[in-house]
Amino acid sequence: MGKKAREIVGLDLKDLIKDLNRAYCDEWLAFYAYWYMAETVEGKGYEDMQEFLEKIAKDELEHAQELAERIIELGGLPTNDISDLAKNANYPYPGVMKKLSDYNEIIKIVTSAEAGAIEVYNKIAQKTFGKDHDTYQLALHILGEEITHEEMFENLKDGERK
Ligand SMILES: [Fe+2]
Ligand SMILES: [Fe+2]
Numbered sequence: 005m006g007k008k009a010r011e012i013v014g015l016d017l018k019d020l021i022k023d024l025n026r027a028y029c030d031e032w033l034a035f036y037a038y039w040y041m042a043e044t045v046e047g048k049g050y051e052d053m054q055e056f057l058e059k060i061a062k063d064e065l066e067h068a069q070e071l072a073e074r075i076i077e078l079g080g081l082p083t084n085d086i087s088d089l090a091k092n093a094n095y096p097y098p099g100v101m102k103k104l105s106d107y108n109e110i111i112k113i114v115t116s117a118e119a120g121a122i123e124v125y126n127k128i129a130q131k132t133f134g135k136d137h138d139t140y141q142l143a144l145h146i147l148g149e150e151i152t153h154e155e156m157f158e159n160l161k162d163g164e165r166k
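Remember, the numbering used here sits 4 above the position in the sequence shown when you count from 1.
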């Protein structure tokens, strides 16, 4: 991104890069937890759960990539040390289920992580609206996918509809 393009961003760039980097770290933590749960899940009909988890893990990895690209365009660098991911994230590591066949716990972990992600991208969208068009577009795109993830897993709850 050139000088003029950075100039028209009507926000403190350092601050924006920090927000994006925190989201970047959240995405890696979510990716790892979801991917791990997809690999280890057991129990009756586990294939469906595995497929759902694999799908959203793939999306989170893509989000990390999209955020990294934007951070670099803005003149920053994403967290470069894997051991700093949890430290630099918005939220602690989501964790994984204790019992490999505990679908309810998996659903709880995912819906809570997704709710956190929805809040993060909603805030970034509000902050960048009318000020940084490209980051705004990216936040909307990711937000849409996080909303779908939350819904996919909420729909797995047994007969619980609010
Ligand atoms: Fe994500
Ligand atoms: Fe997600």
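Glycine is no exception: its CB is placed at the ideal position from the N, C-alpha and C atoms.
Predicted, not measured: the structure shown is a model, and the values here were computed from it.
Heavy atom of ligand 2 within 7 Å of residue i beta-carbon
i	result
Ile110	no
Ala34	yes
His137	no
Ile12	no
Glu55	no
Glu118	yes
Ile60	yes
Heavy atom of ligand 1 within 7 Å of residue i beta-carbon
i	result
Ile146	yes
Glu64	yes
Glu70	no
Ala121	yes
Glu150	yes
Glu155	no
Glu31	yes
Range of the contiguous alpha helix (DSSP H) that encloses residue i
i	result
Tyr50	Tyr50 to Glu77
Glu178	Absent from the structure is residue 178, since the part of the chain shown begins at 5 and ends at 166.
Ser116	Tyr107 to Thr132
Thr152	His137 to Glu158
Lys161	Per DSSP, Lys161 belongs to no alpha helix (DSSP H) and is neither H nor E.
Leu89	Leu89 to Asn92
Lys8	Lys7 to Glu11
CB contact check: residue i to chain D, cutoff 8 Å
i	result
Glu64	You won't find chain D in this structure, because it holds only one protein chain.
Decide yes or no for the touch test of the segment 90–103 against the segment 60–72: beta carbon pairs closer than 8 Å, at least 3 of them.
With a cut-off of 8 Å, the segment 60–72 and the segment 90–103 do not count as touching, because too few Cβ pairs lie within range.
Pairs of beta-carbons, one from the segment 147–154 and one from the segment 104–121, closer than 8 Å: are there three or more?
Segment contact: the segment 147–154 against the segment 104–121, three or more CB-CB distances shorter than 8 Å; contact assigned.
Are there three or more Cβ pairs, one per stretch, closer than 8 Å when the segment 128–147 is compared with the segment 48–56?
No: fewer than three Cβ pairs fall under 8 Å.
Inter-stretch contact at 8 Å, needing at least 3 Cβ pairs: the segment 103–114 / the segment 70–77:
Too few Cβ pairs lie closer than 8 Å, so no.
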